[in-house]
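Residue numbers (the working numbering): 176 to 319.
Cβ coordinates follow ideal geometry from the N, Cα and C atoms, glycine included.
Nothing here was measured: the structure is a model prediction, and the numbers come from that model.
The next block holds one structure in the form of structure tokens; read it before the comments.
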Amino acid sequence: MAVASAIPESIPSLGILVGIFAVAGDTVVITANQIKLVLQIAGIYGFKPDFIDRMAELLPLTGGAFCMRTIAREVAGFIPMGGPVIKGAIAYAGTYLIGRLAWWYYKDGKKLTREEKKKIFDNAITEAMCIIDKFSEKWKKEKK
Numbered sequence: 176m177a178v179a180s181a182i183p184e185s186i187p188s189l190g191i192l193v194g195i196f197a198v199a200g201d202t203v204v205i206t207a208n209q210i211k212l213v214l215q216i217a218g219i220y221g222f223k224p225d226f227i228d229r230m231a232e233l234l235p236l237t238g239g240a241f242c243m244r245t246i247a248r249e250v251a252g253f254i255p256m257g258g259p260v261i262k263g264a265i266a267y268a269g270t271y272l273i274g275r276l277a278w279w280y281y282k283d284g285k286k287l288t289r290e291e292k293k294k295i296f297d298n299a300i301t302e303a304m305c306i307i308d309k310f311s312e313k314w315k316k317e318k319k
């Protein structure tokens with residue numbers, strides 16, 4: 176979703192026309208999926224997977240999600256035509272990090288340190304870039 180929404184932003188005239196809708200669309204869809212992910216993980220570990228009951232845990236997630244997408248848009252804007260890849264990698268890594276944080280929190284009641292979070296996020300970014308590289312190579316071969 177993040178990659179698809181970044182494509183119009185990469186094309187100057189198209190980005191002006193549909194950029195706001197694409198940004199709003201990916202933010203809503205990805206954040207909703209991340210909330211669903213956290214609620215499902217809570218349910219797995221015996222917590223009531225209810226939005227209202229989990230509100231205290233979900234508010235930081237939504238705030239962080241908007242910050243991550245703002246950073247992704249800003250960084251992606253500096254690299255012509257590389258924006259969709261960067262935005263996709265950041266969305267992947269952010270969602271992965273949220274899942275891992277929820278898993279640790281609901282499984283053990285543990286909150287990760289800043290260093291642990293950074294390590295997980297960095298590893299997820301590296302993994303996302305590898306996935307994108309493999310996809311790009313496959314696409315280039317099929318295109319020939």
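Residue i: CB within 6 angstroms of a non-hydrogen atom of the ligand MG
i, result
"Leu212", "As far as ligands go, the structure on display features none, and thus does not contain the ligand MG."
Exposed unless 16 or more other CB atoms sit within 10 angstroms - verdict on residue i
i, result
"Gln215", "exposed"
"Arg229", "buried"
"Ala231", "exposed"
"Gly221", "exposed"
"Lys262", "buried"
"Lys234", "A quick correction: the sequence has Leu, not Lys, at residue 234. Result: exposed."
Nearest candidate by alpha-carbon position, reference residue i, set the options
i, options, result
"Gly238", "Ala266, Lys262, Gly218 and Thr206", "Thr206"
"Ala266", "Lys294, Met230 and Ala299", "Ala299"
"Leu272", "Glu312, Ala231, Ile261 and Leu212", "Leu212"
"Phe296", "Glu312, Glu232, Met304 and Gly269", "Gly269"
"Val203", "Leu236, Ala217, Ala264 and Ile261", "Leu236"
"Ala303", "Asn208, Pro259, Arg289 and Ile210", "Pro259"
"Ile219", "Ala264, Gly274 and Lys313", "Gly274"
Exercise for review: Report yes or no: do three or more beta-carbon pairs, one from the region 224-236 and one from the region 284-292, lie closer than 8 angstroms?
Suggested key: Output reads no: the region 284-292 does not touch the region 224-236.
Practice item. Specify whether the region 304-312 and the region 270-281 touch according to this definition: at least 3 beta carbon pairs, one from each stretch, less than 8 angstroms apart. Key: As far as the Cβ criterion goes, the region 304-312 does not touch the region 270-281, which means the pair count is below three.
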